[in-house]
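See structure below.
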Amino acid sequence: MTDEAILKWVDLLNRASPKSRFKVVRYLIEARAFQEARDYLEREESSTQNEESSEINYLLAQCYIGQSLIPQAKKTIEQAIHLKPQSSIYWDLLADCFLELGDWREAIKAMDNSLRAAPRNADTNYRLGIIYAFHEEYLEALRCFQGCCQLHPRKSLYWEMKAEMHLLLEQLTDACDSFENALRYGGTPDLAARLAYCYIQNNQIKKGIKYYKLTLKYEPDHYDSLSNLAAVYQNLGRSQDALNLLEHAKNIFPKDPILLNNYAFTLVHQGRTRKAAEYYREALELTPNHPLILYNLCVCLSRKGNWEEGIVLLNSLIEIDPNHSSGWALLGNIYDQTDQFDTAIDCFNKALKLA
32 MTDEAILKWV
42 DLLNRASPKS
52 RFKVVRYLIE
62 ARAFQEARDY
72 LEREESSTQN
82 EESSEINYLL
92 AQCYIGQSLI
102 PQAKKTIEQA
112 IHLKPQSSIY
122 WDLLADCFLE
132 LGDWREAIKA
142 MDNSLRAAPR
152 NADTNYRLGI
162 IYAFHEEYLE
172 ALRCFQGCCQ
182 LHPRKSLYWE
192 MKAEMHLLLE
202 QLTDACDSFE
212 NALRYGGTPD
222 LAARLAYCYI
232 QNNQIKKGIK
242 YYKLTLKYEP
252 DHYDSLSNLA
262 AVYQNLGRSQ
272 DALNLLEHAK
282 NIFPKDPILL
292 NNYAFTLVHQ
302 GRTRKAAEYY
312 REALELTPNH
322 PLILYNLCVC
332 LSRKGNWEEG
342 IVLLNSLIEI
352 DPNHSSGWAL
362 LGNIYDQTDQ
372 FDTAIDCFNK
382 ALKLA
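Letter by letter, the sequence shown follows residues 32 to 386 in our numbering.
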């Protein structure tokens, strides 16, 4: 159907007409028939020197971008801007050219000019914010997303991006407020989970638990929420609640080494060190020489009095991370338990220097 339509549009463009057929050209560009549109526009460009020249250049630039002819597109859209500098869409297309050329700062200048021409264009503000955020200029990005929220206060995506910038800037209260608005205007389980995370980071534990539960109500297999809420429960001393959530998460992704580590950690807090050691070993099979998992396994072994294996694994840990102060301290404790006092003192001294 598209091929048939393109043929009809091209036939229409080839017919003589006193008026330019820009509407048909736009159809061709939307259908990605760039060469067909370009052929017509280049004919019009050579025969037209009037107020339509800027629009011809704009449409031609779109064709060039579609054909990956970026320098030609840039030159052509600059000609359109010279004729009509007040057109925001021309500046937006110039920004596209700069982005294709890898010059994001010039793209930002072009979008700034676009906003001067159309200051209430939230889409341009949003694009500007995304570029700033990608290049880690979070405060500038925040200002852009704030502008979007003022222009369209009921659009969830704008509030969500504003919240993410607040979070990156460690403005936790503002992040919570913005995620609340994002959830109000377009509630999803993921948004509820992000809000929960913010509340936990802001030490508002009850609210964090509330929103993690809300996420899991609508998406029971939401993996991050299962893992994060389990960590919250563990910190509150609710080991069994944590274990129930981790068991559910483990059924979803049984080969996640960090989950297995967390599962084992919770078992340790229930006094089930033998079972915990099994899960630590399983995690290490998936990610050998992981410092955190190695250390946690050594803690388990030391609690069980398995000194020899603990010493071997701690030496492996220190070989991987010579500055692991907790590893040195635990190794010192094991040597102390086995009456190797001089070696223990050496380990403790190294731990103190690294602390």
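Each residue gets a CB set at the ideal place from its N, CA and C atoms; glycine is no exception.
All figures in this text were calculated on a predicted structure; none of them were measured in a lab.
- Note on geometry: alpha-carbon atoms of serine 51 and cysteine 207 lie some 53 Å from one another.
- Contact annotation, leucine 328 with alanine 308: C-beta distance approximately 6 Å; criterion of less than 8 Å satisfied.
- For leucine 267, there is no enclosing alpha helix (DSSP H), as DSSP marks it with neither H nor E.
- DSSP, reduced to helix, strand and coil, places alanine 36 within a helical segment of the structure shown.
- Residue environment for phenylalanine 165: exposed (fewer than 16 other C-beta atoms within 10 angstroms of its C-beta).
- The shortest CA-to-CA distance from alanine 47 to any of Ile289, Ile37 and Arg74 is the one to Arg74.
- Check the Cα spacing between asparagine 346 and each of Arg63, Tyr366, Leu114 and Gly133: the tightest is with Tyr366.
- The criterion of a C-beta distance shorter than 7 Å is not satisfied by phenylalanine 129 and glutamine 98.
- In its chain, beyond the 5 residues on either side, Leu325, Leu328, Cys329 and Leu332 have a beta carbon closer than 8 Å to the beta carbon of leucine 344.
- Under the three-state reduction of DSSP, proline 184 is assigned to coil, being neither helix nor strand.
- Here serine 118 carries a coil assignment [DSSP, helix/strand/coil].
- Here the alpha carbons of leucine 226 and alanine 314 stand approximately 30 Å from one another.
- Under the three-state reduction of DSSP output, phenylalanine 284 falls in the coil class, being neither helix nor strand.
- DSSP places lysine 335 in the coil class of the three-state scheme, outside both helix and strand.
- Annotated three-state conformation of leucine 124 is helix, per DSSP.
- Within the model, the alpha-carbon separation for asparagine 293 versus proline 319 is close to 16 Å.
- When the Cα atoms are used, leucine 277 and glutamine 371 turn out to be separated by approximately 39 Å.
- Glutamate 168 sits in coil when the DSSP states are folded into three classes, being neither helix nor strand.
- The alpha helix (DSSP H) runs of length 4 or more contained entirely in the region 351–376 are, from start to end of the chain, 356–368.
- In the DSSP assignment, aspartate 221 falls within the unbroken alpha helix (DSSP H) covering 220–232.
- Here the alpha carbons of alanine 261 and tyrosine 121 stand approximately 52 Å from one another.
- Measuring C-alpha to C-alpha distances from alanine 280 to each of Arg269, Thr219, Glu250 and Asn212 identifies Glu250 as the nearest.
- When secondary structure is reduced to three states using DSSP, glycine 302 falls in the coil class, being assigned neither helix nor strand.
- Rounded to the nearest whole angstrom, the C-alpha separation of glutamine 301 and serine 270 is 7 Å.
- Glutamine 177 counts as buried, since no fewer than 16 other beta carbons sit within 10 angstroms of its beta carbon.
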